[in-house]
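Protein sequence lines correspond, in order, to chains A and B. Using my numbering, the letters of the first sequence correspond one by one to residues 23 to 240. Using my numbering, the letters of the second sequence correspond one by one to residues 3 to 670. The C-beta atom is built at its ideal place from N, Cα and C for all residues, glycine as well.
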Amino acid sequence: MKKNIIISSLLLIVLLISSCSDVLDRPELNDMNDDTYWRNETDLRLFANGFYINYFVGYNNTWGVAYAPLRGYYFSDDFSNTNVQSNFESSAPSSRGSTSETPDMLIQYAGPNWNFAWVRKSNLFIDRIENVAKSQISSEAYNHWLGVARFFKGFEYHRLVRVFGDVPYYETPFDSIFNNRHYNNDFLCKFVLRNIKFKIHKIWEKYLLLVPEVLVQW
Amino acid sequence: LVNITDNWVVDLDFTNANETFINNRLGTRYTALNSWGGALPLTDAEGNRIYVNDQGTPVPSTTPNALPAYKLSLTEYTAHGANPDHIYRNVLNGVTNTLNIYTTYNLKLKEDHAFKFMLGMNRVTYDAKSNWSQKTDLADIVNPQFGKAVGTMTSGGNTFWEAQLGYFGRINYAFRDRYLLEGNLRYDGSSKFPSRLWWRFFPSVSAGWRVTEEAWMEWITPVVSSMKLRGSWGVIGDQTVPSGLYAPSMSTSQTMWLDASGAKAVAVGTPAAITRDITWQDLENTNLGVDLYFLNNTLGVVFDVYRRDTKNMIVPGEGVSFTFGAGAPKGNFGSLRTEGWDLSVDYNYRFKNGLGINAMATLSDAVTTIMKYGDTNSIDGWYEGKKYGEIWGYRTDRLYQESDFVRDSNGELQKIVLTANESQKYAGRTVNKLSDANGKPVYQAFLQNSSNFFFGPGDVKFVDLNGDGEIDAGSRLLDDHGDLEIIGNSTPRFEYGLRLGADWHGVDASVFIQGVGSRQIWGVGFLTTPGFHASDGAMPQAIAGDFWKPDRTDAFYPAPYNLAGSNTGNNMQVQSKYLLDMSYTRIKNVTIGYSFPSSLMNKVMVNNLRVYLSLENFFTFDNLRGLPIDPEVISGYSMFNETNYNLGRTGVGTPTFKSGSVGLQINF
């Protein structure tokens, strides 16, 4: 009987040790996490790199041709085509929606789909710079990266307005999902201009010429 | 295993499993003929063009009907470029540690009441690391090795870890083996969820009543030898989802842009749109059953009715518009219910003359319904009350014939532009004028999906189900679906099986028949879609020999039109007539065997000698009108790719094999 008591108390100890629920504390490890990102300027730069494939295009990333002059972007007054030019659509499409961040364009409209992924991306960038990164970087760097973010937002709205005319404008990344705020075209154009001007004023002088200088197509 | 007292037992087991997974992918460059295009002119040794007649025999170019000959070009596959030749290796090493401890205590009171108490825990951890690397440009294509490749190197890796911890208690009670009760309570935790949502309780209970054990049921035992009623209800948790669904993770990728130093720039992506509160999915199971055995256990009937609810299912939220800028975040928003029943009957009997027969029949059916999935009422979405697998389509009336149309003075079909008088919704579209001999015609302008397609003789006429004088799909909403209706369901219903066997003095025979009572799919691909693509190069004779033409007006399939790789549109709108009826009966197996008498065999030191003939899948009865596809096929499913094999085309995966075998079984 004494042996049994020893064994059972041993088992009890094992039970208690193994019952520690710390073992469950195993968060996903592989990717960066929004909650702990935005620590310094490098983080901001790496995030900004994601915009280049969509805005300063040659072959986008890998072998995409959206917006690449003559390859994807050829339906315009600047080029002519020896073949019959493709037709405009004769009936309304069932959907133009997309949420993909792979650069893509409607060739006949030389602009994006009804895709707000890039608006979300730049809004999120602005939000994180303002609310998370601001305290960790110099005011010079803050102005620079805010300028970059607002430039990209302006760029995307410029594209959307060109294709669709009237588009809902979102100031912040999340709170306005169910709150479509329509602004007229005039407002949006002024907004676009304001954002791009802001960028020109605020970006560090050495980058003043153009953002593509930072990265070149590989 | 420790016996503390006679009726108190403690079990402990610990398992450590180590798995290694290695995936080697060798993409060797090779040159082969290109049969897809780019044919080259065929010339003789002097460079003169060769001409052939319609038999393929070379003839002088001046021969009537001579054709210039071509040959296939040579193409280098996985050449330099977007996807060059390479060597790739992915290695994963995983360790699973499983610890189960439980203790059981049996208690018997006054012979009548038997209790069993159980208390335990289990703990599972999984840790894995993987890494892959790839190097392009093989210098030696015969023996591809990392050391023999000279191109770009890429690599990556992942770390996975997860854990589950659970405690459980169970009480069993049996009263004279007559009334059986069981209660369970689990308390489970999983690392897949945010810490405040790790833990959940999951209860379950079950009860059984062996009616034939009752004293007042004894009179029935000559007929009903055993009868048991069963019932159970329980909830268990499901955590088989990826880790980190609740984490706004940002993936890192290399872009094709160079930074100031000339290295490829790295970009960190947009955080995923997520719901922070991801927790257990609940599987709630309710089951009622009866086991009946008649005539000294020769005939058995087992019947079960069940309902399985999957609650808090992790699905994307609904009502998220495109202007959100990301796919709808996933959360515990969904719920679905499966209701079904199983019936099985088996019979065994041996006659006095040595003939034994046995039979087993099964029949089952289940329907899954979406109970909750956001607030959509689109017939293409997961609206509440949707039966899983249902197919919406038009109801086919017949094929249009010459008499339906009006020809102009040149003998051409007369084209008109619809006015509001002819079609309220689709005025302005061009159609072939329909004869109004049988009242006001209903135009199908909405279904003319191609700019050069106009419904004419030999094309499909649909039924105007809602009688509004238009054939269309409305807004594809539950309260406005135009002329669409539910025309079928791709879930197999009424699955049945029958096994018959007999043996007599060493001769044995058995047949196994299996089938599905009802299943429909809308096919995709050249094997099932008439006119799928002009460049397919082949089509089943069932279609090629039975499409509409002016001298075959009673054809099954409509006049041909090239759908250019689509399985819907124009004539081939999803519709009742061309929906594939996938019900079937298949004789899965027929076996005949003979075992030599053991008295004879013992003399040659053999215990058992049997010869047999077996036929697998030799006979299939289907309702596919001769289309060369297997009735068990699932579009896009094969052993190589379970969702999009061969772009999801129907019937192009590996079919069920037919096999016949003759065999000899010897036991020494």
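A residue is called buried when at least 16 other Cβ atoms come within 10 angstroms of its Cβ; glutamine 426 of chain B does not meet this threshold and is exposed.
For the segment 326–345 of chain B, the set of positions with a beta-carbon nearer than 7 angstroms to some beta-carbon of chain A reads Phe326, Gly327, Ala328, Gly329 in chain order. When rounded, the separation of the alpha-carbon atoms in asparagine 646 of chain B and threonine 272 of chain B is 28 angstroms. Using beta-carbon distances, asparagine 85 of chain B does not count as an interface residue toward chain A, since no partner is under 7 angstroms. Three or more Cβ pairs closer than 8 angstroms define a contact, and the segment 516–529 of chain B falls short of that threshold against the segment 600–617 of chain B. DSSP places valine 270 of chain B in the uninterrupted beta strand (DSSP E) bounded by 266–270.
For asparagine 174 of chain B, the closest alpha carbon among the candidates B/Leu401, B/Gly158, B/Val207, B/Thr98 is that of B/Val207. Within chain B, the C-beta atoms nearer than 7 angstroms to that of glycine 119 of chain A come from Phe324, in chain order. In the three-state reduction of the DSSP assignment, alanine 176 of chain B falls in the strand class, which pools E and B. Taking the Cβ atoms as the reference, glycine 327 of chain B lies roughly 6 angstroms from threonine 121 of chain A, within the contact range of under 8 angstroms.
DSSP places alanine 209 of chain B outside any alpha helix (DSSP H); the residue lies instead in the beta strand (DSSP E), whose first and last residues are 201–212. For the pair of segments examined, the segment 93–102 of chain A was found not to touch the segment 286–296 of chain B: the number of CB pairs separated by less than 8 angstroms stays below three.
Interface residue (Cβ-Cβ distance to chain A less than 7 angstroms): proline 318 of chain B is not classified as such. Taking the C-beta atoms as reference points, glycine 336 of chain B is found nearer than 7 angstroms to tyrosine 375 of chain B. Distance between glycine 441 of chain B and alanine 41 of chain B, taken at the CA atoms: about 55 angstroms. Straight-line measurement puts the Cα of threonine 214 of chain B at about 7 angstroms from the Cα of lysine 230 of chain B. Of the other Cβ atoms in all chains shown, fewer than 16 fall within 10 Å of the Cβ of isoleucine 488 of chain B; this residue is therefore exposed.
For valine 141 of chain A, the residues of chain B that pass the 9 angstroms Cβ criterion are Thr325, Gly327, in the order they occur in the chain. Inclusion of arginine 478 of chain B and isoleucine 393 of chain B in the CB contact set at 7 angstroms is not warranted, their separation being larger than that value.
In the DSSP assignment, alanine 361 of chain B falls within the beta strand (DSSP E) that extends over 358–375. Secondary structure in the segment 492–574 of chain B: the alpha helix (DSSP H) runs of 4 residues or longer, each lying completely within the stretch, are 543–546 in chain order. The Cβ atoms of alanine 88 of chain A and proline 115 of chain A lie no closer than 7 angstroms to each other. The C-beta of leucine 247 of chain B has 16 or more other C-beta atoms within 10 Å across all chains shown, which makes the residue buried. Around tryptophan 136 of chain A, the beta-carbon contacts reaching into chain B at under 7 angstroms are Phe324. By the beta-carbon neighbour count (other beta carbons within 10 angstroms, threshold 16), serine 600 of chain B is exposed.
Residue state for histidine 82 of chain B is assigned as coil, using DSSP reduced to three classes. Taking the Cα of alanine 90 of chain A as reference, the smallest distance to any Cα among A/Val79, A/Leu66, A/Arg48 is reached at A/Val79. Secondary structure note for methionine 584 of chain B: it is in no beta strand (DSSP E), with a DSSP letter that is neither H nor E. Secondary structure of threonine 300 of chain B (DSSP, three-state): coil.
Boundaries of the alpha helix (DSSP H) harbouring alanine 139 of chain A: 139–150, taken from the DSSP string. No Cβ of chain B is located within less than 7 angstroms of the beta carbon of valine 106 of chain A. For lysine 435 of chain B, there is no enclosing alpha helix (DSSP H), since its DSSP letter is neither H nor E.
Within chain A, Leu51, Asn52 have C-beta atoms less than 9 angstroms from the C-beta of asparagine 160 of chain B, given in sequence order. Distances from the CA of aspartate 46 of chain B to each of B/Thr64, B/Tyr72, B/Ala265 were compared; the closest alpha carbon is that of B/Tyr72. Within the segment 212–242 of chain B, not one residue has a Cβ closer than 9 angstroms to any Cβ of chain A.
Annotation: the continuous alpha helix (DSSP H) that includes asparagine 76 of chain A extends over 63–77.
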